[in-house]
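**Q** Sharing a structure, written as structure tokens. Questions coming.
In UniProt numbering, the protein residues as written are 1 to 195.
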């Protein structure tokens with residue numbers, strides 16, 4: 001019996017779990033969840049949890065490592081306005097509201113009614129001792145343009161699952177080294193080549 005119980009459970013973050021119900025469990029942890037597509041990613045950052053949480057909680061910092069965010073206007077400690085690049089050009093906007101927060105542990109949000117991309121999420125920060133902080137992001141969203149929009153986003157590598165992994169890697173680089181490694185070509189050069 002003990003072996004069966006151990007085989008059916010693991011202590012991996014939901015982002016890395018092999019259990020089929022892990023995504024549903026992650027979504028259930030998001031208060032006022034909006035969206036029917038789930039993205040889950042995790043990274044370990046070699047910095048103390050208070051420093052990692054504090055940097056992330058200042059939403060004005062997010063465009064520094066989240067590639068598709070054009071800007072975030074902080075309205076008050078609980079509300080902000082987001083402007084994000086759309087997969088096929090242009091941008092989408094929404095207002096977001098913090099729905100749950102525990103200092104140095106978690107922050108959750110949801111988009112307000114009328115959002116161009118209904119979304120919600122939760123970012124957890126877990127002390128990993130000498131390894132630093134494990135950051136786990138779980139995001140629910142409705143892709144703009146439905147299934148077709150999701151395919152276009154994937155073609156342009158702006159699909160949230162791809163972007164979440166990249167953004168977390170850039171977050172790690174920024175906090176650990178103070179800068180983000182860039183490709184040999186800049187974004188404009190990539191666009192000119194059709195990449």
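Ideal Cβ placement from N, Cα and C applies to all residues, glycine included.
1. Alpha carbon to alpha carbon, how far is residue 165 from residue 38?
2. Report the residue from 115, 100 and 171 whose alpha carbon sits nearest the alpha carbon of residue 141.
3. Looking at C-alpha atoms only, which residue of 71, 96 and 110 is the closest neighbour of residue 84?
4. Quick one: grab the DSSP three-state call for residue 224.
5. From what residue to what residue does the beta strand (DSSP E) around residue 125 run?
6. Is residue 40 buried or exposed, if buried means 16 or more other CB atoms sit within 10 Å of its CB?
7. Should residue 124 be flagged as near chain D, meaning a C-beta pair shorter than 7 Å?
8. Is the beta carbon of residue 120 closer than 7 Å to that of residue 136?
9. By DSSP, does residue 70 sit in helix, in strand, or in coil?
10. Any idea if residue 75 is buried or exposed, counting beta-carbon neighbours within 10 angstroms, 16 or more meaning buried?
11. Going by DSSP, which residues form a beta bridge with residue 39?
12. What did DSSP end up calling residue 155 once you bin it into helix, strand or coil?
13. Helix, strand or coil: which one does DSSP assign to residue 166?
14. Sort 103, 68 and 108 by Cα distance to residue 92 and report the nearest one.
15. Are the CB atoms of residue 168 and residue 49 nearer to each other than 7 Å?
**A** Put simply:
1. Within the chain shown, the letter at position 165 stands for residue 165. Within the chain shown, the letter at position 38 stands for residue 38. Distance between the alpha carbons of residue 165 and residue 38: 13 Å.
2. If you number the chain shown from 1, residue 141 lands on position 141. Selected option, being the one with the closest Cα: 115.
3. Here residue 84 is taken as the residue at index 84 of the chain shown, counted from 1. Minimum Cα distance to residue 84 is reached at 71.
4. A question about residue 224 goes unanswered here, because the residues of the chain that appear run from 1 up to 195.
5. By 1-based counting over the chain shown, the position of residue 125 is 125. Where residue 125 is concerned, the enclosing beta strand (DSSP E) stretches over 119-127.
6. Counted from its first residue, the chain shown places residue 40 at position 40. With 16 or more Cβ atoms within 10 Å of its Cβ, residue 40 is classed as buried.
7. The structure shown contains no chain D, having only a single protein chain.
8. Numbered from its first residue, the chain shown carries residue 136 at position 136. Numbered from its first residue, the chain shown carries residue 120 at position 120. Not a contact, by the Cβ cut-off of 7 Å.
9. By 1-based counting over the chain shown, the position of residue 70 is 70. Correct three-state label for residue 70: strand.
10. Numbered from 1 along the chain shown, position 75 holds the residue referred to as residue 75. The residue is exposed, with fewer than 16 neighbouring Cβ atoms inside 10 Å.
11. For the purposes of this step, residue 39 is taken as the residue at position 39 of the chain shown. Answer by DSSP bridge pairing, in chain order: 139.
12. Within the chain shown, the letter at position 155 stands for residue 155. Confidence at residue 155 is low in this model, with a pLDDT of 42, below 50, so the placement of that residue should be treated as unreliable; the coordinate-derived value is given next. Of the three classes helix, strand and coil, the one that applies to residue 155 here is helix, per DSSP.
13. Taking the first residue of the chain shown as 1, we reach residue 166 at position 166. The answer is helix: DSSP assigns residue 166 an H, G or I state.
14. Taking the chain shown and counting its residues from 1, the one referred to as residue 92 is at position 92. Cα-wise, what sits closest to residue 92 is 68.
15. Taking the first residue of the chain shown as position 1, residue 168 is located at position 168. Taking the first residue of the chain shown as position 1, residue 49 is located at position 49. No, the pair does not count as a contact, with Cβ atoms beyond the cut-off.
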